[in-house]
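K.L.:
My numbering applies: residue 11 is where the sequence shown begins, and numbers increase by one. Ideal placement from N, C-alpha and C gives every residue a C-beta, glycine not left out. Note that the structure is a prediction, hence the values are computed from the model and not measured.
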Amino acid sequence: MLRNKILPIYFLVLLWLLCQVLCACGQKAPEVQFGHAEEEGVRGEDGQDNSQTETKEQSKEAEEKPPEICIYICGAVNQPGVYHLNGGARVYEAVSAAGGFTEDADETYVNQAAVIEDGTQIRIYTREEAQEKREQGEEIPQEEERPGNTLGDGKVNLNTATAEELQTLPGIGEVKASSIIEYRETHGRFTSIEELQEISGIKGKVFQKIADLITI
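1. Quick one, which of Glu184, Ala99, Glu145 and Asn169 has its alpha-carbon nearest Thr130's?
2. Which of the three DSSP states, helix, strand or coil, is assigned to Asn159?
3. Span of the alpha helix (DSSP H) holding Ile220?
4. Please list the segments of the alpha helix (DSSP H) lying wholly inside the stretch 82-146, counting only runs of 4 or more residues, in order along the chain.
5. Considering only residues of the same chain and omitting the five flanking positions on each side of Ile209, which have a CB-CB separation below 8 Å?
6. How far does the alpha helix (DSSP H) with Ser189 in it reach, from first residue to last?
7. Checking the sheet assignment: what are the DSSP bridge partners for Thr225?
8. So what's Ile209 in DSSP terms, helix, strand or just coil?
9. Rounding to the nearest angstrom, what Cα-Cα distance links Lys213 and Thr201 in this structure?
10. Where Lys143 and Asp116 are concerned, what is the direct C-alpha to C-alpha distance, given to the nearest angstrom?
11. To the nearest whole angstrom, what separates the beta carbons of Lys165 and Leu206, a pair I think is in contact under 8 Å?
12. Quick one, which of Asp114, Ile83 and Thr118 has its alpha-carbon nearest Val105's?
13. Here's the rule: buried if 16 or more other CB atoms are within 10 angstroms of the residue's CB, otherwise exposed. What is Ala173?
14. Relative to the C-alpha of Asp94, which candidate in Asn88, Ala86, Val87 and Glu103 has its C-alpha closest?
15. Quick check on Leu176: buried or exposed, where buried means 16 or more other Cβ atoms within 10 Å of its Cβ?
16. Using only alpha-carbon positions, find the residue among Leu179, Glu145, Leu25 and Ile134 that is nearest to Glu113.
17. According to the neighbour-count rule (16 or more other Cβ atoms, all chains shown, within 10 Å of its Cβ), is Glu138 buried or exposed?
18. Name, in chain order, the residues that DSSP records as bridge partners for Ile79.
19. Indicate the three-state DSSP secondary structure (helix, strand or coil) for Glu48 in the structure shown.
20. Could you compute how far the alpha carbon of Thr160 sits from the alpha carbon of Asn167?
21. By alpha-carbon positions, which one of Ala221, Asn88 and Gly97 ends up nearest to Pro77?
22. Return the first residue and the last residue of the alpha helix (DSSP H) that Leu176 is part of.
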């Protein structure tokens, strides 16, 4: 009698468990979202954002790259003209860009190791032109028409130096520097360093102090 009562209860419990299993199987599986990494950037094993790291490295490379300069080279070269070179380029690189020296070029009248600045004009003289300059007693600047007029040997060029550059000479202040520039504008280029003594206040000991520091 007791067994007959327990049996229906057993079947009811079994039916309830079966319903629970079926309900669990019918639930929708959670969706897996993709593309989240694309929004936040690709992260490496160390958790760092690799896309940001690459951007920083590219920016650093751009900063380290020397700025481009624009120069004009003419005279005894095969292809004279305007050229764009990397910052810090030297004269020999400009000559190479212009197709090299011509057969009659005087290669000794240019400092091929000199660093070129932006806006520089480089003139290469022929041997005939250079000889004429020598006969006339003229010195040809190593870096002609270059912004900044202190030559490679540290001498100040009287014909191209600015007032600030002239004032780097001992005994030459603002007044004397202005007088030198005024004389240059009135009388033209200096033909010798001794001509500097024609300017009031630059004679005797003052000239002797700077004679070895100047050129034309």
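P.N.:
The answer reads as follows:
1. Ala99
2. In this prediction, Asn159 scores a pLDDT of 46, lower than 50, which makes its location untrustworthy; no coordinate-derived value is stated.
3. Gly214 to Ile220
4. Listed in chain order, the complete alpha helix (DSSP H) runs (minimum 4 residues) inside the stretch 82-146 are 101-107 and 137-145.
5. Lys186, Ser189, Ile190 and Tyr193
6. Glu184 to His197
7. Asn167
8. coil
9. 17 Å
10. Roughly 12 Å separates the two Cα atoms.
11. Their Cβ separation, rounded to whole angstroms, is 13 Å, which puts Lys165 and Leu206 out of contact at 8 Å.
12. For the residues Asp114, Ile83 and Thr118, the minimum Cα distance to Val105 belongs to Ile83.
13. exposed
14. Asp is not the amino acid found at residue 94; the sequence shown has His there. Nearest of Asn88, Ala86, Val87 and Glu103 to His94, Cα basis: Glu103.
15. buried
16. Ile134
17. Result: exposed.
18. Leu95
19. In this prediction, Glu48 has a pLDDT of 49, which is less than 50 and means its spatial position is unreliable; what the coordinates show is noted afterwards. Reduced to three states, the DSSP call for Glu48 is helix.
20. Residue placement at Thr160 is poorly supported in this model, since its pLDDT is 45, which falls under 50; the coordinates are not used for a value here.
21. Gly97
22. Ala173 to Leu176
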